[in-house]
DNA sequence: GTTGTAGTTTATAATGATTCTAAAAAGGTG
DNA sequence: CACCTTTTTAGAATCATTATAAACTACAAC
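Take a look at the structure:
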């Protein structure tokens with residue numbers, strides 16, 4: 005199974021629970037945004053198998069560390085993750101508290117002119133807040 | 005005092021505690037980043053007067069709502085605020101967990117091509133993560 | 001100034017996301 | 001199968017933030 009490789013790459017053994025998490029995260033080509041709580045609910049609904057929060061946190065964080073998931077920088081009480089790990093940006097609808105993808109072509113190229121000695125740019129993320 | 009106006013504009017009566025908070029936040033032209041906890045410590049050190057956390061949270065949030073402070077979108081357990089409310093962007097040093105200002109001229113103009121019906125862009129914020 | 005009331009401050013409790021823990025369960029190797 | 005390590009899990013612990021309710025204060029009306 006294709007998920008086993010992802011898990012091993014992330015330093016995780018392929019267990020039943022982790023494979024179920026993979027199925028929800030990576031089954032579809034369509035990427036999406038989620039919080040740990042969203043994911044826990046989805047798992048409970050789709051698999052009838054409750055997976056404990058600790059396991060979900062562990063697995064998601066391992067994927068994030070390996071680059072299979074990305075955190076979305078946003079001020080919210082919960083952490084948002086994105087299954088789309090390509091460089092892209094987001095609208096955040098302040099009223100509905102919803103994230104919307106901005107494809108890379110929706111934003112002109114971003115040119116960071118300042119450099120910090122000894123440091124490399126690891127990511128450039130744009131958050132566009134929307135009001136009415 | 006110049007702070008009284010800021011407080012009244014934010015819908016707050018000028019009290020001793022709030023004026024002390026203003027003095028720390030707005031005394032200097034040099035802007036800075038802080039968390040609520042940073043601010044609480046600064047207050048205790050500089051004024052010898054402990055102000056309760058609830059008051060600090062209330063005051064900071066009122067200023068943020070009015071636009072005298074800005075939240076910095078970043079994934080961290082604490083919320084970061086900025087006394088620089090002009091449109092500008094940030095480096096975030098992942099190892100040292102420190103924010104560094106990027107002046108507007110350090111980043112080329114950002115052109116958001118996508119539009120969402122009925123929504124207005126309220127802010128555009130860029131976070132550049134730095135690693136070694 | 002005194003008084004009244006609505007707004008404030010405060011310590012403390014409550015909340016909620018996340019992390020930790022330790023015991024039970026499962027993976028993987030010989 | 002037997003062993004040892006990793007994993008899962010429920011529940012406890014942590015920590016930032018928010019709510020509460022009682023004591024206090026600003027300030028307007030008198």
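Residue numbers (the numbering used here), protein chains in the order written: chain A, 5 to 136; chain B, 5 to 136.
Positions of the beta carbon are idealized from the N, C-alpha and C atoms, including for glycine.
These numbers come from a predicted model, not from an experiment.
Chain A residues whose Cβ lies nearer than 8 Å to that of residue i
| i | result |
| --- | --- |
| residue 134 (chain B) | 120, 123, 124, 125, 126 |
| residue 115 (chain B) | 111, 112 |
| residue 103 (chain B) | Under the 8 Å cutoff, chain A gives no residues; its nearest Cβ is about 12 Å from residue 103 (chain B). |
Strand pairing of residue i, partner residues [DSSP]
| i | result |
| --- | --- |
| residue 75 (chain B) | B:85 |
| residue 93 (chain A) | A:106 |
| residue 129 (chain A) | B:131 |
| residue 64 (chain A) | According to DSSP, residue 64 (chain A) bridges with nothing at all. |
Cβ neighbour criterion (16 or more within 10 Å) applied to residue i
| i | result |
| --- | --- |
| residue 73 (chain A) | buried |
| residue 86 (chain B) | buried |
| residue 113 (chain B) | exposed |
| residue 58 (chain B) | exposed |
| residue 19 (chain A) | exposed |
| residue 124 (chain A) | exposed |
| residue 10 (chain B) | buried |
| residue 22 (chain B) | buried |
| residue 107 (chain B) | exposed |
| residue 129 (chain A) | buried |
| residue 63 (chain A) | buried |
Where residue i meets chain B, residues with beta-carbon distance less than 7 Å
| i | result |
| --- | --- |
| residue 79 (chain A) | 75, 77, 83 |
Interface flag, residue i vs chain B, CB-CB below 8 Å
| i | result |
| --- | --- |
| residue 97 (chain A) | yes |
| residue 64 (chain A) | no |
| residue 68 (chain A) | no |
| residue 131 (chain A) | yes |
Reduced DSSP secondary structure (H/G/I, E/B, other) of residue i
| i | result |
| --- | --- |
| residue 39 (chain A) | strand |
| residue 9 (chain A) | helix |
| residue 1 (chain B) | No information on residue 1 (chain B) is available, as it lies outside the stretch 5 to 136 that chain B covers here. |
| residue 116 (chain B) | strand |
| residue 20 (chain B) | helix |
| residue 99 (chain A) | coil |
| residue 124 (chain B) | strand |
Chain A within 8 Å of residue i, Cβ atoms only
| i | result |
| --- | --- |
| residue 57 (chain B) | no |
| residue 91 (chain B) | no |
Partner residues on chain B for residue i, Cβ-Cβ distance less than 8 Å
| i | result |
| --- | --- |
| residue 106 (chain A) | 116, 118 |
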